[in-house]
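A.B. asks: Supplied in structure tokens, the structure appears directly below.
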Ligand code: FNR
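Below, the structure written as structure tokens:
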């Protein structure tokens, strides 16, 4: 179908399922075991109810947002997702080019299909990129990557902490892995004795001994602000403050890691109850299940600075760079409409009173 006929994020998934190879779609869409957390990520937003205010002159709205102090045209970013080249020959390069035009931040995956410097070079001078990191059991490889990141002008490191080992994604494991290579990490996904599972075999270099005391080393070697991606409790968000992190990305890895964990938005509510003071001490982002403008506004109203979008951007690559831009446009339009109908004109006005959380809390 022509790109202009795609009106929602869901429309991209329909196209991707038809267009991508069975293996690619299985790798992208899969989630751990019974898909409970993946589905809960989506369902949690249905159970948060908006409380619009009326008669507030909403003729002009702004959706601009500062993310880690950098101006972004919207309060959302591209969450890091491996192997974008499976969707389109330009893969992460196409995402970088689209983000350059739209002034959107891209978090580059440690398992990207292109080398870091190529992805950054595909963008424009001064474009803001963050890098997602899996710490390699061979620490000197991580050190090399962090040095490259600094040289390439990456602005922050997102250490993924919810996947010391890969989740059990059965849809991915049922189809053979063939020979997929991540130019970034050097990981090669090929079948082993246990069969397929691109996610599983690619993750074999990840150091599962990583712990809180290693964060100082990452900070020192990179010289960059460090975020933790995959924090799932208020207790760990508090620890992130104590260990000097610049922020946390509350996430359950799109339901791909441990199944039956709570959605990130529930962790955000937990922070309100247990340690609201940390909202002023580090930046809090959320990802998992963001598919609509309403999802974005609800999350921001509950205190997040920004949200990440994972699978939809991979699906949008069915149309290359134009697809990525079209998806961004849809989300921006929906967010603007949501703000107008909810009665606010800029994102600083978003506040917890805009969301009724009763239904979600009583599930
Ligand atoms: C991911 N995600 C991920 N996270 C990460 O830290 N490093 C990675 O390499 C990847 N790779 C990856 C591949 C694919 C195919 C998917 C779908 C996801 C997780 C990602 O950053 C994000 O947390 C989720 O995708 C967010 O959920 P939604 O938006 O997909 O629902």
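Numbering (full-length UniProt numbering), first residue to last: 117 to 479.
Every residue gets a Cβ at the ideal spot worked out from N, C-alpha and C, and that includes glycine.
Since this is a predicted model, take the numbers as computed values, not measurements.
Determine, using beta-carbon pairs with one atom in the stretch 409–419 and one in the stretch 159–171, whether at least three such pairs fall under 8 Å.
C.D. replies: Touching, per the Cβ criterion.
A.B. asks: Mapping the DSSP letters down to three states, classify residue 197 as helix, strand or coil.
C.D. replies: Position 81 of the chain shown holds residue 197. Note: residue 197 maps to coil in three-state DSSP.
A.B. asks: Less than 7 Å between the CB of residue 196 and some heavy atom of the ligand FNR, yes or no?
C.D. replies: Within the chain shown, numbered from 1, the residue matching residue 196 stands at position 80. Yes, the ligand FNR has a heavy atom inside 7 Å of this Cβ.
A.B. asks: Let me check you understand the geometry: is the CB of residue 481 closer than 7 Å to at least one non-hydrogen atom of the ligand FNR?
C.D. replies: There is no way to answer for residue 481, as the model of the chain reaches only from 117 to 479.
A.B. asks: What residues in its chain sit with their C-beta under 8 Å from that of residue 292, if we drop five residues either side in the sequence?
C.D. replies: To locate residue 292, count along the chain shown from 1; it is residue 176. Cβ within range, chain order: 139, 307, 311, 312.
A.B. asks: Is residue 235 near the ligand FNR, in the sense that its beta carbon is under 7 Å from a heavy atom of that ligand?
C.D. replies: In the chain shown, residue 235 corresponds to position 119, counting from 1. No, the ligand FNR has no heavy atom inside 7 Å of this Cβ.
A.B. asks: Whole angstroms are fine: how far does the CA of residue 395 sit from the CA of residue 425?
C.D. replies: The residue you call residue 425 lines up with position 309 of the chain shown. The residue you call residue 395 lines up with position 279 of the chain shown. Spanning the two alpha carbons is a distance of roughly 22 Å.
A.B. asks: For a test of the three-state rule: what should DSSP assign to residue 420, helix, strand or coil?
C.D. replies: The sequence position of residue 420 within the chain shown is 304, counting from 1. In the structure shown, residue 420 sits in coil (DSSP, three-state: anything other than H, G, I, E or B).
A.B. asks: Return yes when at least one heavy atom of the ligand FNR lies under 7 Å from the C-beta of residue 381, else no.
C.D. replies: On the chain shown, residue 381 is found 265 positions in, with the first residue counted as 1. Residue 381 Cβ: outside cutoff for every heavy atom of the ligand FNR.
A.B. asks: For residue 196, count neighbouring C-beta atoms within 10 Å of its own C-beta (all shown protein chains included) and say buried if the count is 16 or more, exposed if not.
C.D. replies: Reading the chain shown from its first residue, position 80 is the one you call residue 196. Residue 196 comes out buried.
A.B. asks: Could you pull out every unbroken beta strand (DSSP E) segment of at least 3 residues lying fully inside the stretch 165–236, listed in chain order?
C.D. replies: If we require 3 residues or more, the beta strand (DSSP E) runs fully inside the stretch 165–236 come out as 181–183, 186–188, 192–194, 222–224.
A.B. asks: Taking the Cβ atom as the reference point for each residue, do residue 157 and residue 360 lie within a distance shorter than 8 Å?
C.D. replies: As a first step, residue 157 is located in the chain shown; it is residue number 41 there, counting from the start. As a first step, residue 360 is located in the chain shown; it is residue number 244 there, counting from the start. Going by C-beta atoms, residue 157 is not nearer than 8 Å to residue 360.
A.B. asks: Roughly how many angstroms separate the alpha carbons of residue 309 and residue 284, rounded to a whole number?
C.D. replies: Position 193 of the chain shown, counted from the first residue, corresponds to residue 309. Position 168 of the chain shown, counted from the first residue, corresponds to residue 284. Distance between the alpha carbons of residue 309 and residue 284: 16 Å.
A.B. asks: Are there any heavy atoms of the ligand FNR lying less than 7 Å away from the beta-carbon of residue 118, as far as the coordinates show?
C.D. replies: In the chain shown, residue 118 corresponds to position 2, counting from 1. No.
A.B. asks: Could you please give me the residues that DSSP links to residue 345 through a beta bridge?
C.D. replies: Locating residue 345 in the chain shown gives position 229, where the first residue counts as 1. For residue 345, which the question treats as bridged, DSSP gives the partners 276, 365.
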